[in-house]
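To start, the structure under review is shown below, and the notes come after it.
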Amino acid sequence: MHLRRCFLAKFGIYLGYAPEQKLNDQGLGRLLTFILKGVINNNTHSRIPIAMPKWYEDTFLELIYEHDIDLDNIEIITTDYIPLIFRIREKLRERKFGFFSRIKVKFLPVKFRLANEFFNIISGGWSFNKLITISALIISISAILGILLMPVFITAILLFIGMKGVKRITRRYHSTVLSLLARYKSNGKDIKNDKLVQKIFERIRDQELFKLAQKLNSRQDIENWFVPTLFWPEIKYLQGRKVVTVPDIVFYDFPVEFRDEYWIKALDRVENTMATADKFICYSEYVKNNHICKRFGVASTDVDVIQHGHVDMSNLLTGTSSEEILKSYIKEYYESDDYLNGFPLHDCDYILYASQCRPHKNILALLKAYKIILRERFIPIKLVLTGRVYDDDIIADFIDSNGLHCDVISLTDVPTKVLAALNKHAICHVNPTLFEGGFPFTFSEAYSVGTPSVMSRIPMVKEIVKEYDDYPNMFFEPTSIASIVDCVSWVINNRDLALELQEPLYENFKRRTWDIVANEYIKSIER
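In the numbering used here, the protein residues as written are 4 to 530.
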C-alpha cells in the first residue's frame, strides 16, 4: 500500500459529468490529462484533490490509467454511492435486462408503472402531503421488486396496497410508460432522450451533486475549485472560489446549427454556470473578447487566456508497433463487422479527421469535398472518421445516397494509442471545423508522428499563424468545398513537401510544454 501525502491543497478539480459521458476519445479528456500531468510535475509535495459523483469514478480511472497517471498523485473525492436508478438506467441503456425479451406483454404496463412511481419518489416528485412516509417506503420497495421480480408477484403487491395515489399516477402515466417501452424496444436511444425520463434523471443528478458539494464544503484545505468545462451549473452549491474554463460558447457564432432543444438546454446550462463562476480561463483571445466579456459583461481582468501546449503522440508508439496497434483494435472492436473485420488499415491510404460529431465540426462539408476528391479528382483514398457519424441523420443520408459506405470508415471510442497509430498511418489529417476554442490539437498530434495537416482558417488559428502564406496549401476556407478539395488534394500529392513546409510551425509548438501551461493554470487559479 502506498503512503498518502497529505499536505495543504490550495485548489481542487471538480468534475460533474453524467454517467454516460466518456472522455477517452474526446479532446477535452486529453486536455484534462495534459493539464493534470503538468500540475503534478509542478506540485510534487501534495496530492491533487479531484471531486466527482460516484457514478463517474470508474470512467475517470479508465482515463487516468490510459494516460499513465500515478494514482499516488491524486486524491479522488466522490459521493458515497451510485443511486439505484442510475444503475438501472445503465442496464437499460446497455440492454442487459434479459427479462424484457421474456416477460409477457400484459405484465409490462404494471412493471413500468411501478418503476415510474419509484422514479417520482426518489427524485422528490411526490410531496409528503400527498403520501405518508410509510406508504412511500412500501411503494419504493414495491417498485424495486417490480423491476427485479416476477410480474405476477408485483401485481399482487399493487392489489394489496390499493392506494388512490398509485391509481392516479397509474392512470396519468399509463400511456407515457407504454410509449417509452415501445420506443425502447424499437430504438434504445429514444428512451434516454425522452423528456420525462430526462427530467427524472436531471433531478436526481442535481441532488447527488448537491451532496458532493456538501462534502467538499467541509474541506478546510481547498480554497479554489478548478472547473474544466462550463456545463455544470451545480457548482453554485460550492462555497469555495470557482474558476471555470470556457473552451468556447460556439452557440453564439452558429445559432442555426444549434437550434434544436438539446442544444438550447445546453446553452441554458452554460449561462447558469457562467453566472455562478468567480473567474474564467479560455484558450483564445477571440473567446475571451467575443464570448465572455462581450456577451456576459465580464471584466477583462477576470479572464485569463492560456493557450494549449504541444501534444506529442510519438511516445505512445514505443514498444508495440503502430501496425499491431491497429490490427489489434480492428480485431477487438470490429470482428463482427463484415467489411472491417481483418481490414488492413495500416496498409491503406486514407485521410483522417479525429473529432466528435457536432454541428460546428463541418463533417458534411468534408464529405462533400471527399466525394469530389474520390470521384472527380480520381484519387483512390479512404476517409477515416472517429465521430459517431451514423448517429447524425444528415451525414448518414449523405453517405448512403452517394454510395460511400466502403469509402468512409467510421471508428468510434478510439483509445489514445489507437489515435496515435491512426495519425501515423494517415496520408494527412484534415480538420474542417468551423470553430474551436483554441488552436486545434490535431496539428501537433499528427505532425508528432510524421503526418502533415490541413485545416480551417478560423480566428483561433489566426492568433497563432500570423501569415497564412508562410504555410502554403495548409489552410482552407471551411465554407468553401472547392477550397477544401484543393488543399487536401495538394497535400495528398505532395506529402513530403507539406511536412517540410509545416516543420517551423511544429517546432514553435514544441517549445510550449504542458509543464509551462500547467504552471500558468496554477497561477491563474490561485490568484
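Where is the CB? At the ideal position from N, CA and C, for every residue including glycine.
From a predicted model like this one, the values you see are computed outputs, not experimental measurements.
- For Lys268, the enclosing alpha helix (DSSP H) stretches over residues Glu264 to Thr279.
- Taking every protein chain shown into account, the CB of Ile397 has fewer than 16 other CB atoms within 10 angstroms, so this residue is exposed.
- The beta carbon of Lys13 lies closer than 6 Å to those of Glu226 and Glu529 in the same chain, with the five residues before and after it left out.
- Contact annotation: Cys360 and Ile366 have beta-carbon atoms nearer than 8 Å.
- In the same chain as Arg380, and ignoring 5 residues on each side of it, the C-beta atoms closer than 8 Å to its own belong to Val488 and Ser492, in chain order.
- Contact fails between the segment 462–471 and the segment 410–420, because fewer than three Cβ pairs, one in each stretch, are under 8 Å apart.
- Per the DSSP secondary-structure output, Leu199 pairs with nothing in a beta bridge.
- 8 Å or more divides the Cβ of Ala521 from the Cβ of Gly15.
- One Cα belongs to Ile375, the other to Leu369, and the distance between them is close to 10 Å.
- Taking 8 Å as the cut-off, the Cβ atoms of Leu233 and Thr279 do not count as close.
- Per DSSP, reduced to three states, the secondary structure at Pro236 is helical.
- The beta carbons of Ser325 and His349 sit about 7 Å from each other, so the pair counts as a contact at 8 Å.
- In the displayed model, Pro507 falls within a helix according to three-state DSSP.
- In this structure the segment 450–464 does not touch the segment 337–346; the number of beta carbon pairs closer than 8 Å is below three.
- Pairing Asp256 with Thr323, the inter-Cα distance amounts to about 43 Å.
- Rounded to the nearest whole angstrom, the C-alpha separation of Asp473 and Val464 is 13 Å.
- For the pair of segments examined, the segment 295–302 was found not to touch the segment 431–441: the number of CB pairs separated by less than 8 Å stays below three.
- Each residue's CA atom was taken as its position, placing Ala424 and Ile328 some 7 Å apart.
- Where Trp58 is concerned, there is no enclosing alpha helix (DSSP H), because DSSP gives it neither an H nor an E.
- Contact fails between the segment 387–396 and the segment 44–63, because fewer than three Cβ pairs, one in each stretch, are under 8 Å apart.
- Ranked by Cα distance from Gly243, the options Asn293, Asp281, Glu274 and Pro22 are led by Asp281.
- Residue pairing of Gly15 in beta bridges, as defined by DSSP: Trp228.
- Take the alpha-carbon of Ser404 and the one of Arg378: they are about 14 Å apart.
- Annotated three-state conformation of Thr419 is helix, per DSSP.
- Residue pairing from DSSP leaves Val488 without any beta-bridge partner.
- Ile85 and Pro56 have their C-alpha atoms some 8 Å from each other.
- For the 8 Å CB-CB criterion, Arg272 and Pro236 form a contact.
- Phe478 and Arg460 do touch by the CB rule: their CB atoms are close to 5 Å apart, below 8 Å.
- As the crow flies, the alpha-carbon of Asn27 is around 13 Å from that of Tyr20.
- By the Cβ criterion, the segment 214–224 is not in contact with the segment 497–517, since fewer than three pairs of Cβ atoms, one from each stretch, lie closer than 8 Å.
- Contact between Tyr286 and Gly441 holds: CB atoms are separated by about 3 Å, below the 8 Å threshold.
- Going by DSSP, Tyr353 is part of the beta strand (DSSP E) stretching over Tyr353 to Tyr356.
- His294 is not a Cβ neighbour of Phe512, given a cutoff of 8 Å.
- Between the C-alpha atoms of Tyr336 and Glu264 there is a straight-line separation of about 33 Å.
- Secondary structure in the segment 387–440: the alpha helix (DSSP H) runs of 4 residues or longer, each lying completely within the stretch, are 396–404 and 419–428 in chain order.
- Val306 sits close to Phe283, with the two beta carbons spaced by under 8 Å.
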